[in-house]
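Q: In the numbering used here, the protein residues as written are 7 to 599.
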Amino acid sequence: MRNIRNFCIIAHIDHGKSTLADRLLEFTQTIKVTEGQMLDDMDLEKERGITIKSHAIQMEYKLEGETYTLNLIDTPGHVDFSYEVSRSIAACEGCLLLVDSTQGVQAQTISNLYMAIEHDLMIIPVLSKCDMVNAMPEQVEDEIIELLGCKREEIIHTSGRTGEGVTDILEAVIKQIPSPQGDENKPLQAMIFDSVFNPFRGIIAYFKIINGTIRKGEEVIFVNTKEKYTADEIGVLKMDLVPRNILHCGDVGYIVSGIKTATEVKVGDTITSIGNPCDKAIEGFEEVKPMVFAGVYPVEPEDFENLRTSLEKLQLNDASLSFSPESSVALGFGFRCGFLGLLHMEIIQERLDREFNMNVITTVPNVNYHVFDRHGNMLEVHNPAGMPDVTEIEHIEEPYIRASIITKTDYIGSIMTLCLGKRGELIKQEYVSGDRVELYYDMPLAEIVIDFYDKLKSISKGYASFDYHPIEFRQSKLVKLDILLNSEPVDALSTLTHADNSVNFGRRMCEKLKELLPRQQFDIAIQAAIGAKIIARETVKQLRKDVTAKCYGGDISRKRKLLEKQKRGKKRMKQIGNVQVPQKAFLAVLKLD
Numbered sequence: 007m008r009n010i011r012n013f014c015i016i017a018h019i020d021h022g023k024s025t026l027a028d029r030l031l032e033f034t035q036t037i038k039v040t041e042g043q044m045l046d047d048m049d050l051e052k053e054r055g056i057t058i059k060s061h062a063i064q065m066e067y068k069l070e071g072e073t074y075t076l077n078l079i080d081t082p083g084h085v086d087f088s089y090e091v092s093r094s095i096a097a098c099e100g101c102l103l104l105v106d107s108t109q110g111v112q113a114q115t116i117s118n119l120y121m122a123i124e125h126d127l128m129i130i131p132v133l134s135k136c137d138m139v140n141a142m143p144e145q146v147e148d149e150i151i152e153l154l155g156c157k158r159e160e161i162i163h164t165s166g167r168t169g170e171g172v173t174d175i176l177e178a179v180i181k182q183i184p185s186p187q188g189d190e191n192k193p194l195q196a197m198i199f200d201s202v203f204n205p206f207r208g209i210i211a212y213f214k215i216i217n218g219t220i221r222k223g224e225e226v227i228f229v230n231t232k233e234k235y236t237a238d239e240i241g242v243l244k245m246d247l248v249p250r251n252i253l254h255c256g257d258v259g260y261i262v263s264g265i266k267t268a269t270e271v272k273v274g275d276t277i278t279s280i281g282n283p284c285d286k287a288i289e290g291f292e293e294v295k296p297m298v299f300a301g302v303y304p305v306e307p308e309d310f311e312n313l314r315t316s317l318e319k320l321q322l323n324d325a326s327l328s329f330s331p332e333s334s335v336a337l338g339f340g341f342r343c344g345f346l347g348l349l350h351m352e353i354i355q356e357r358l359d360r361e362f363n364m365n366v367i368t369t370v371p372n373v374n375y376h377v378f379d380r381h382g383n384m385l386e387v388h389n390p391a392g393m394p395d396v397t398e399i400e401h402i403e404e405p406y407i408r409a410s411i412i413t414k415t416d417y418i419g420s421i422m423t424l425c426l427g428k429r430g431e432l433i434k435q436e437y438v439s440g441d442r443v444e445l446y447y448d449m450p451l452a453e454i455v456i457d458f459y460d461k462l463k464s465i466s467k468g469y470a471s472f473d474y475h476p477i478e479f480r481q482s483k484l485v486k487l488d489i490l491l492n493s494e495p496v497d498a499l500s501t502l503t504h505a506d507n508s509v510n511f512g513r514r515m516c517e518k519l520k521e522l523l524p525r526q527q528f529d530i531a532i533q534a535a536i537g538a539k540i541i542a543r544e545t546v547k548q549l550r551k552d553v554t555a556k557c558y559g560g561d562i563s564r565k566r567k568l569l570e571k572q573k574r575g576k577k578r579m580k581q582i583g584n585v586q587v588p589q590k591a592f593l594a595v596l597k598l599d
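#1: Do the segment 91 to 101 and the segment 74 to 82 meet, that is, are 3 or more Cβ pairs less than 8 Å apart?
#2: For the beta strand (DSSP E) that contains residue 516, what are its first and last residues?
#3: Just to confirm the assignment: which complete beta strand (DSSP E) runs, minimum length 3, are found wholly within the segment 73 to 140?
#4: Does the distance from the C-beta atom of residue 280 to that of residue 234 stay below 9 Å?
#5: Am I right that residue 600 and residue 410 are in contact with their C-beta atoms under 8 Å? What's the rounded C-beta distance?
#6: Taking the straight line between their C-alpha atoms, what separation do you get for residue 298 and residue 339?
#7: State the beta-bridge partners of residue 301 as determined by DSSP.
#8: Quick check on residue 47: does DSSP put it in helix, strand or coil?
#9: Secondary structure at residue 538, three-state DSSP: helix, strand or coil?
#10: Quick check on the DSSP output: the alpha helix (DSSP H) that includes residue 420 runs from which residue to which?
#11: If you follow the beta strand (DSSP E) that residue 369 is in, where does it begin and where does it stop?
#12: Going by beta-carbon coordinates alone, are residue 229 and residue 89 separated by less than 9 Å?
#13: Given a threshold of 16 other Cβ atoms within 10 Å of its Cβ, counted over all protein chains shown, does residue 458 qualify as buried or as exposed?
#14: Around the C-beta of residue 384, are 16 or more other C-beta atoms found within 10 angstroms, so that it is buried, or is it exposed?
#15: Just the C-alpha distance for residue 278 and residue 227, rounded to the nearest angstrom, thanks.
#16: Just tell me which of 341, 420 and 322 has its CA closest to the CA of residue 204.
#17: Give a yes or no on whether the C-beta atoms belonging to residue 452 and residue 502 are separated by under 9 Å.
#18: Does the Cβ-Cβ distance between residue 454 and residue 412 come in under 9 Å?
#19: Do you know how far the Cα of residue 128 is from the Cα of residue 182?
#20: Work out the CA separation of residue 133 and residue 164 for me, nearest whole Å.
#21: For residue 12, which of helix, strand or coil comes out of DSSP?
#22: Less than 8 Å between the CB atoms is what I'm expecting for residue 572 and residue 553, so what's the real figure, rounded?
#23: Under DSSP, the alpha helix (DSSP H) around residue 172 begins and ends at which residues?
#24: Can you tell me whether residue 41 is helix, strand or coil according to DSSP?
#25: I'd like to check one pair, residue 266 with residue 208: are the Cβ atoms closer than 9 Å?
#26: Can you confirm whether the segment 492 to 507 touches the segment 373 to 391 when touching is taken to mean that 3 or more C-beta pairs between the two stretches lie within less than 8 Å?
#27: Could you check how far apart the C-beta atoms of residue 396 and residue 537 are, in whole angstroms? I think they sit under 8 Å.
#28: Give the DSSP bridge partners of residue 250, in chain order.
#29: Quick check on residue 479: does DSSP put it in helix, strand or coil?
#30: Would you identify the three-state DSSP class for residue 185, choosing helix, strand or coil?
#31: Just checking my contact of residue 77 with residue 62 at CB under 8 Å: how many whole Å lie between their CB atoms?
#32: Measure how close the beta-carbons of residue 533 and residue 568 come, nearest whole angstrom, since I'm counting them as under 8 Å.
#33: Might you give, ordered along the chain, the residues of its own chain that have their beta carbon closer than 8 Å to the beta carbon of residue 421, omitting 5 neighbours on each side?
#34: Hey, quick one: how far does the alpha helix (DSSP H) through residue 452 stretch, first residue to last?
#35: Quick one: give me the first and last residue of the alpha helix (DSSP H) that residue 351 is part of.
#36: What is the DSSP secondary structure of residue 526, reduced to helix, strand or coil?
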């Protein structure tokens, strides 16, 4: 145990975390680095330059005649996956705090750093991309010193591209990060920090042993799910799985036990032995709760079963995705899916398209609300269509988040205007360094799920970084806005919105639909309504054919007869004609601005 070091790398998106991880693997001769990222193996990860799935890998390094085992537990950088990050951090004794020398400290870096400090991790500050022309090492060093209170000489300068400073990092990991503390003689206590799906072997769970040992063939139980298994194979994680007969206290490894359903393996759960169980589970376990909900419908109705199969397969790889069947008058049968956040939703959509060739329509994303009726009962609503009648509702509560935005001082005014427009409430502002400031806002989650991040990036010219965590549910004055086409409600366009914004939002929605709906042989009335009250209206005028064109002179009664016949036809068509809402219209609601 003395020669084991478990560590992770925490950084903001695109600060060079995966590139540095690849260099560490190359320097310890764990792998030969070929083209592109090695640790981020999903095509989507390589294209977008983000880590979606956390990875773990074991390296060996010789220093002063001794061989050390280094377990690197890679973490996703995006805010949507913060629970995964917290479990990866809990499995480590130290971390590398990576800051891009061209961009400085960003919001995500700070939130992940606080998480590491809470878990008492040894923090090694590292400055990446030092070979870049636009690097500002002195300025960024000042920000790190202000953040951590460390000495300037403790900060390691590296470049993932050239390999500069990588040996310094490996030495610092061995000398500064403590070895795991635990007791091999105690009952087995291991924490699951990740799981992957293998089509031949089922779900493989990755864990770190806190106390005790685990042997091949041992009977084990997962404490929170109460499921019992046999450890058919255990081992350590290199680039491939390497089987072992026994794993000791402090080791990071995997377990194969023929688990078929992803929901049985929960990140943060505790593994213990059935013969000699531990007294209590490892603290910090939480059920991952979806934050954003959206309807996912197949474009062709006959693809419904294929979509179900695709979602089930995706769920094996990503247990945080939840879905249940629902139907819509406008879109037919589909699923109401729960996601961790907007990036998560985008990734699932992209993977459905790439891996399963599924063409889907996604409705407007919304959050879950707590609706209280007049009898004091609470109902959780994920879909505006499932709202009870207005007369039944006492009040509605919506989820709030604490947002942290780091930006240059030049953009403070426009960012404050944006946040106020999204019903944000300024909590405090702090100066990170000379011209960079951190703003803390309490905001409703519903206001940021659609286009907040895009707008923030555009008004700050890409400089602002954004991070958030949920805090509580608060009572809000919300109303359900329905869109009616020829007096028929289109359930997929229903939204919950704040009463003060509802008239403006309804009007803009009607105007947008007027542009997008194709003209018919009859007038289409587009109305926005709250309950029985119509708050906005637009009309798509009918197409008219000039039926009197062939009458060149003669008696007026001939023209009148033709026009009356046309009028009767229009009337009958209006009764039987229905309005098809194009896919563009659903997407346009997302981008009303």
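By construction, the Cβ of each residue, glycine as well, lies at the ideal position given by its N, Cα and C atoms.
A: Working from what's here:
#1: yes
#2: Segment 505 to 522 is the alpha helix (DSSP H) holding residue 516; no beta strand (DSSP E) there.
#3: 100 to 106 and 128 to 134
#4: yes
#5: An answer regarding residue 600 cannot be provided, because it is not within the stretch 7 to 599 covered by the chain.
#6: 20 Å
#7: 342
#8: With a pLDDT of 49 at residue 47, under the threshold of 50, the modelled position of this residue cannot be trusted; read the value that follows with caution. Three-state result, residue 47: coil.
#9: coil
#10: 418 to 427
#11: Counting along the chain, residue 369 falls outside any beta strand (DSSP E), and DSSP gives it neither H nor E.
#12: no
#13: buried
#14: exposed
#15: 6 Å
#16: 322
#17: yes
#18: no
#19: 7 Å
#20: 6 Å
#21: strand
#22: 5 Å
#23: 172 to 182
#24: Note on residue 41: pLDDT 49, under 50, position unreliable in the model; the coordinate value appears next. Coil, per DSSP.
#25: yes
#26: yes
#27: 5 Å
#28: 240
#29: strand
#30: coil
#31: 7 Å
#32: Contact doesn't hold; Cβ gap of about 32 Å is too wide.
#33: 411, 413, 445, 462, 465, 466 and 470
#34: 451 to 454
#35: 348 to 362
#36: coil
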